[in-house]
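Protein chains in written order, with the working numbering: chain A, 2 to 117; chain B, -7 to 108.
Laid out in C-alpha cells, this is it:
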C-alpha cells in the first residue's frame, strides 16, 4: 500500500531564512508520481510540482527547489529566502501509475509559519 | 470564471437537513473528485468520476451522495449528516487522458461544512 509521511507537523522560521520540508513515501510500484501542493488559509490547494519516478533530476523554480532521492524514498521541498506569503500548509502526495488518475495519497501536511 | 469553483464556500446545517455542494471546472477536464479534509487528518478521497461515470467510492457512508451530470459539474448531496462530518470538502479535476497515466489534479477552494 502507498503511504506518505510528513514528519514535520509545524515549522516556524523568520523571514529570509531557508527552510526544508521533508516528505518520505512508500510504494511497491516502480512507476509512480509525486506532487507538492500548497494550501494557504483560503483553503484551495495550489499545485506546485509533479515528478515521475524515472526523473530524479532536482528542480528549481525561483525560490523553490525539490530534491528527489529514490534511494531514500524522499522528495523534499526547500524554500530559499522565505517570505511571509509562503506561510501555508504544504502537502506532499503520491500516486501509483497503476491507479491512473484515480486519487492521490496525501501526507498529513506541514504547517509552515514565516514570521516577519 | 477560471479553474475550479465551489459553492457555497461555507455551509452550516442541522443533522436533519438536506443540502448540496456544487463544483464546476472550467479547464476542459474529464475527471472530477471529492475529497474530505478533517482537522488533524490527511485528505481523504471520497469519490472519483471519469467521463461522468463513478469509478471509485472509498467506503463513503450513504448519507453522502455524489452526482455528475456532465464532465464540468459535480455535486455532493448531503442528507442526515453527523457532527463528525464537519470538514472542508474539496473538489478537484484532472484531464484524465487515456492509458491510465497519472494526471495532475487541480483543486477548488473548498466548502467549509459545519454540522450542528
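We put the beta carbon where it would ideally sit given N, CA and C, even for glycine.
- Counted as a single uninterrupted DSSP element, the stretch harbouring residue 88 (chain A) is not any beta strand (DSSP E), since DSSP gives it neither H nor E.
- DSSP places residue 58 (chain B) within a strand segment (E or B) once states are collapsed to three.
- For residue 35 (chain A), not one C-beta of chain B is nearer than 8 Å to its own C-beta.
- Considering only beta carbons, no part of the stretch 1 to 21 of chain B lies closer than 7 Å to chain A.
- If you ignore the 5 residues before and after residue 14 (chain B), its C-beta comes within less than 6 Å of the C-beta of -1, 67, all in its own chain and listed in chain order.
- For residue 16 (chain B), DSSP records a beta bridge to B:-3, B:65.
- Between residue 30 (chain A) and residue 82 (chain A), the CB-CB gap reaches or exceeds 8 Å.
- At a cut-off of 8 Å, the C-beta of residue 48 (chain B) has a neighbouring C-beta in chain A.
- A residue is called buried when at least 16 other Cβ atoms come within 10 angstroms of its Cβ; residue 22 (chain B) meets this threshold and is buried.
- Counting C-beta pairs closer than 8 Å gives fewer than three between the stretch 102 to 111 of chain A and the stretch 47 to 57 of chain A, which falls short of the contact rule.
- Within the same chain, 34, 105 come within 6 Å of residue 96 (chain A) by CB-CB distance, once the 5 residues on both sides are set aside.
- Contact of residue 41 (chain B) with chain A is not assigned, every C-beta pair being separated by 8 Å or more.
- Taken through DSSP and simplified to helix, strand or coil, residue 30 (chain B) comes out as coil.
- Separation of residue 12 (chain A) and residue 6 (chain A) (C-alpha to C-alpha, rounded to the nearest whole angstrom) is 15 Å.
- By the 16-neighbour rule on beta-carbons within 10 angstroms, residue 56 (chain A) is exposed.
- Distances from the CA of residue 34 (chain B) to each of A:98, A:113, A:117, A:92 were compared; the closest alpha carbon is that of A:92.
- Residue contact check for residue 45 (chain A) against chain B: a CB pair falls below 8 Å.
- Residue 32 (chain A): not part of any beta strand (DSSP E); DSSP gives it neither H nor E.
- Remark: C-beta atoms of residue 83 (chain B) and residue 25 (chain B) approach each other more closely than 8 Å.
- Within the same chain, 39 come within 7 Å of residue 49 (chain B) by CB-CB distance, once the 5 residues on both sides are set aside.
- Contact check for residue 23 (chain A) and residue 75 (chain A): beta-carbon distance about 7 Å, within the 8 Å limit, so the pair qualifies.
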